[in-house]
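Have a look at the structure below before the remarks.
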Amino acid sequence: MSTSFESTFGNRNSFSTFEAFKNVSDLSKPIQQHLIKVYTALAVLCLLTAAGSYAHITGLFLFGGGLLSFLIGLVSLIGITVLPDTPNNKNLRYGLLFNFAFMEGLSIGPLIDHALNINSSGQIVLMATTITSLIFGSFTISSLLSNKRTFIYLGGVLASAISALFWMSFINAFIGSRLLFTAELYVGLLIFCGYVIYDTQLIIYRATIGSRDVVRHTLDLFVDLIGIFVRILFILIKNSEEKENGRRRRNNRRTQYSAY
């Protein structure tokens, strides 16, 4: 009896690698061109986010990451959502998208700065970037190579999961449970991985029926990417701090033993 994985991605015995890549080539030329535009814009957003984080760390911008950068980014996000995808709004929506990415970089700047304070060589940030790229790339490729678009029906499940995650975070803001915080990180990571597959297939579906909103589609994937990166960075920081605390405790015990 075939599993749900096999029903989604195809049986290993009957679905060859060549056939998988053929699914991508089977996409019409306009859809392929749309995907190229989306992922090109996504790469630009990543560079702008990196620039925003660098601006926070070096103090080159007018203000650093915090409430102001969050609010400006939120206004940009609302603007992208409200403004229709028309030729007259094209440049404005792209401007709002780029501004949102830069403000997002400013907003996560303090977290990256904290990671650099723990490890000045940047190993934690580099590792988080690498892991995020591998995860995002793997789930994106899995979605693109799927011979069926069944994951577009996961929207309701993922929306419910993200809502539950929000309330979990809200409750934990009052009780301050480290265990619950750790659960938030890993559950949130799984949810955003699911969103990568869901949003990728939804973009293809929408493009198939004529919706070629590059700005909105890029924004969806960018939010997924940042959601994964931030959680991985948090996990790596947490693990590094726990290792450092453990090392200090061992050194303290050795010092106490040597005193006797």
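Numbering (the working numbering), first residue to last: 1090 to 1349.
Note that the Cβ used here is the ideal one computed from N, Cα and C, for glycine as well.
Since the model is a prediction, treat every value here as computed from it, not as a measurement.
(message) Can you tell me whether Tyr1287 is buried or exposed? The criterion is at least 16 other CB atoms within 10 Å of its CB, across all chains shown.
(response) buried
(message) I'd like to know whether the C-beta atoms of Pro1199 and Gly1244 end up nearer to each other than 8 Å.
(response) no
(request) Alpha carbon to alpha carbon, how far is Pro1176 from Ala1132? Give it in angstroms, no decimals. (result) Counting only the Cα atoms, Pro1176 lies some 23 Å from Ala1132.
(request) Measure the alpha-carbon distance for Cys1135 versus Gln1121 and round it to whole angstroms. (result) Roughly 21 Å separates the two Cα atoms.
(request) Could you say which of Ala1139, Tyr1284 and Lys1118 lies nearest to His1306 if we only look at CA atoms? (result) Tyr1284
(message) Suppose the cutoff is 8 Å on Cβ atoms and the five residues either side in sequence are ignored; what does the same chain contact list for Lys1332 look like?
(response) none
(message) Using a 10 Å radius around the Cβ and a threshold of 16 neighbouring Cβ atoms, would you call Thr1170 buried or exposed?
(response) Exposed.
(request) Can you tell me which of Phe1189, Ile1220, Tyr1294 and Leu1234 puts its alpha carbon nearest to the alpha carbon of Tyr1242? (result) Tyr1294
(message) Judging by CA-CA distance, which residue of Asn1328, Lys1118, Val1164 and Ile1317 is the nearest neighbour of Ile1220?
(response) Ile1317
(message) Threshold first: 4 residues or longer. Then list the alpha helix (DSSP H) segments lying entirely within the segment 1241-1265, N to C.
(response) 1244-1264
(message) Counting C-beta neighbours from all protein chains within 10 Å, is the total for Gly1211 16 or more, i.e. buried, or is it exposed?
(response) Burial call: exposed.
(message) Suppose only complete runs of 4+ residues qualify. What are the alpha helix (DSSP H) ranges in the segment 1153-1178, listed by chain order?
(response) 1156-1171
(message) Quick check on DSSP: helix, strand or coil for Ser1232?
(response) helix
(message) By the three-class DSSP mapping on this structure, what secondary structure does Ser1196 have?
(response) In the three-state scheme derived from DSSP, where H, G and I count as helix and E and B as strand, Ser1196 is classed as helix.
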